[in-house]
Structures are given as C-alpha cells and as structure tokens.
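In our numbering, the protein residues as written are 232 to 356.
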C-alpha cells in the first residue's frame, strides 16, 4: 500500500460505492495512477498492433505524398518487415507510381523515419 493520502475524488468514489452496496468498506485504497499514454504502447506491442499504427501513419501521409488524383486510386494496404504494399484500382496508377517509386519511397522515409519503410510493392485489387 502506498503512503500517499487519497484524493478527494477517491474519497468520494469510496463513499458512493459504500452507499450503493449498503455497507461501509475498509480504508480507501490508493492505486498508482497510470495514464493511457503510459499503457497504450505496452498493450499495442503485446497485441502486435505496432505495425498497424505505422500503417495508419503512412495512410495519413499518403495523400500528401502522392497527390489527390493518385490518392483516389490507391491505398496503403499492409506493412510487413519494412515492405509497404499498396493496393491500386487501375493499371494506369501502377504505371505512374512505378515511375515515381524511388521518389515516393524517399519522401515516405523522410516524413516517417520511425516506420522504417525499405520498399514499396504495388498490387492490383
């Protein structure tokens, strides 16, 4: 048990729970305070969602990097082991992106260095 005194909020909660149950509980328990920002990275790493967050960051930056026309025809789909797979709606988008692949890859790497993107692959569908 910690040596901290309970906050007013904790005392109020303790009283409300005791009144709802109809019995007086023991002492007010003070637990260490953790924020969502402290817990979220740990939970996401355990659930294997760290790559998904990187993909969400890529998706947010994608429209800015490829422009509005190609953004309508493409979507970043998966990201595994540093390889970003992009789904394309039309063969013309595949051709346009293939020509600009190295430029797009460098822009993504500069904008999102933590994502560690090393290659881009284009898939129809």
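For every residue, glycine included, the Cβ atom is placed at its ideal position computed from N, Cα and C.
Rounded Cβ spacing between residue 314 and residue 354 (contact assumed at less than 8 Å)
Taking the first residue of the chain shown as position 1, residue 314 is located at position 83. Taking the first residue of the chain shown as position 1, residue 354 is located at position 123. Contact doesn't hold; Cβ gap of about 11 Å is too wide.
Within the same chain, show all residues whose beta-carbon is closer than 8 Å to that of residue 357, passing over the 5 residues directly before and after it, in chain order.
The displayed coordinates of the chain run from 232 to 356. Any statement about residue 357 would go beyond what the structure contains.
Rounding to the nearest angstrom, what Cα-Cα distance links residue 320 and residue 299 in this structure?
Numbered from its first residue, the chain shown carries residue 320 at position 89. Numbered from its first residue, the chain shown carries residue 299 at position 68. Distance between the alpha carbons of residue 320 and residue 299: 14 Å.
Output the boundary residues of the beta strand (DSSP E) element that contains residue 317.
Indexing the chain shown from 1 puts residue 317 at position 86. Looking at the DSSP string, the run of the beta strand (DSSP E) that includes residue 317 is 314–319.
In three-state terms, what does DSSP make of residue 311?
Sequence index remark: in the chain shown, residue 311 carries index 80 (1-based). Residue 311: strand per DSSP, three-state reduction.
Among all the DSSP beta bridges, which residues are the ones paired with residue 353?
Sequence index remark: in the chain shown, residue 353 carries index 122 (1-based). Paired residues: 317.
Alpha carbon to alpha carbon, how far is residue 297 from residue 272? Give it in angstroms, no decimals.
Start at 1 with the first residue of the chain shown, and residue 272 comes out as number 41. Start at 1 with the first residue of the chain shown, and residue 297 comes out as number 66. Those two C-alpha atoms are separated by around 29 Å.
Any idea what DSSP makes of residue 244, helix, strand or coil?
Taking the first residue of the chain shown as position 1, residue 244 is located at position 13. DSSP places residue 244 in helix when its eight states are reduced to three.
In terms of DSSP beta bridges, what is residue 306 paired with?
Walking along the chain shown from the start, residue 306 turns up at place 75. Answer by DSSP bridge pairing, in chain order: 318.
How about residue 291 and residue 305: do their beta carbons lie closer than 8 Å?
Walking along the chain shown from the start, residue 291 turns up at place 60. Walking along the chain shown from the start, residue 305 turns up at place 74. Taking 8 Å as the Cβ cut-off, residue 291 and residue 305 do not qualify as a contacting pair.
Spatial neighbours of residue 289 in its chain, beta-carbon cut-off 8 Å, leaving aside the 5 residues before and after:
In the chain shown, the residue the question calls residue 289 occupies position 58. These residues qualify, in order along the chain: 307, 310, 315, 339, 343, 346 and 348.
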